[in-house]
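With the first letter of the sequence shown counted as 1, position 51 gets the number 1411 in the working numbering; the numbers rise by one all the way through.
Glycine is no exception: its CB is placed at the ideal position from the N, C-alpha and C atoms.
Structure, as structure tokens:
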Amino acid sequence: MLGLRFALNQPHQQNWPTDGTMDWLWPAAESAGIPVGLASANFMPLVGHVAEHHPNLKLIVDHMGRAGGLTDAPAWESLPQLLDLAKFPNVAVKASGAPSYSSAPYPFTNIHDYLHEIYDAFGPDRMFWGTDITRMPCSWKQCITLFTEELSWLSDADKDLIMGRALCNWIGWEL
């Protein structure tokens, strides 16, 4: 097993992160060296608690910690909670689904500043591109070019990391 990912979207799963159901998982994954991805919009403070108490456990916050169904400023109201997690070197962020958090057309300029804040906090070594293509308001190509062509503040080296190399490094996949 190379990693775990938990969406916890079903009603019976939504309390697992906070009711003790998952308490066994954190030390077990840390001991086994297995990274854990979390769709954690509803329990961001817990991610910090887990990161602090399990410093050798690599955690990946999926969808930039955003809740589904929101766009524009309301989608980003809890961004400070995500940015606060950057202080933990064992927490990374997957920038999956970025276009879905904008009601603007491609290139979704109204979310560029939010992406820049995430980049500034986590850096290119802990920020990973992703799509969640089935719910994107744009093409696969536009999901890619949003990062490779539209975010002018990313260097070529940053793009190489964000578009795949950093994730491979994070989970220990040899390139």
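**Report entry** Backbone CA spacing between residue 1439 and residue 1535 [nearest angstrom]
**Finding:** Here residue 1439 is taken as the residue at index 79 of the sequence shown, counted from 1. Here residue 1535 is taken as the residue at index 175 of the sequence shown, counted from 1. Roughly 32 Å separates the two Cα atoms.
**Report entry** Whether residue 1422 touches residue 1532 by CB criterion (9 Å)
**Finding:** On the sequence shown, position 62 is the one that residue 1422 refers to. On the sequence shown, position 172 is the one that residue 1532 refers to. No.
Requested in this report: Closer than 6 Å by C-beta to residue 1466: which residues in its own chain qualify, once you throw out the five before and the five after it? Chain order, please.
Outcome: Along the sequence shown, read from residue 1 onward, the residue named residue 1466 stands at position 106. Correct list, in chain order: 1498 and 1502.
Query - Nearest-angstrom Cα separation, counted from residue 1476 out to residue 1329 - result: Outside the shown range of the chain (1361 to 1535) lies residue 1329, about which nothing can therefore be said.
Requested in this report: Look at the alpha carbon of residue 1387 and the alpha carbon of residue 1464, and state the distance between them as a whole number of angstroms.
Outcome: Taking the sequence shown and counting its residues from 1, one reaches residue 1387 at position 27. Taking the sequence shown and counting its residues from 1, one reaches residue 1464 at position 104. Residue 1387 and residue 1464: Cα-Cα distance of roughly 42 Å.
Requested in this report: Over the uninterrupted beta strand (DSSP E) stretch that includes residue 1456, give me the two end residues.
Outcome: The residue given as residue 1456 occupies position 96 in the sequence shown. Counting along the chain, the unbroken beta strand (DSSP E) around residue 1456 starts and ends at 1451-1456.
Query raised in the report: DSSP three-state call for residue 1496: helix, strand or coil?
Result: The residue labelled residue 1496 in the question sits at position 136 within the sequence shown. Residue 1496: coil per DSSP, three-state reduction.
Query - Spatial neighbours of residue 1451 in its chain, beta-carbon cut-off 6 Å, leaving aside the 5 residues before and after - result: Here residue 1451 is taken as the residue at index 91 of the sequence shown, counted from 1. Counting only Cβ-Cβ distances below 6 Å, and skipping sequence neighbours, we find 1411, 1419 and 1445.
**Report entry** Span of the alpha helix (DSSP H), counted from its first residue to its last, around residue 1531
**Finding:** For the purposes of this step, residue 1531 is taken as the residue at position 171 of the sequence shown. Per DSSP, residue 1531 belongs to the alpha helix (DSSP H) from 1526-1531.
Query raised in the report: Between the Cα of residue 1522 and the Cα atoms of 1456, 1443 and 1447, which residue gives the shortest distance?
Result: For the purposes of this step, residue 1522 is identified with residue 162 of the sequence shown, where counting begins at 1. Here the closest residue by C-alpha is 1456.
Query - Sequence-distant residues of the same chain with beta carbon closer than 7 Å to residue 1415, five excluded per side - result: Taking the sequence shown and counting its residues from 1, one reaches residue 1415 at position 55. Contacts found: 1450.
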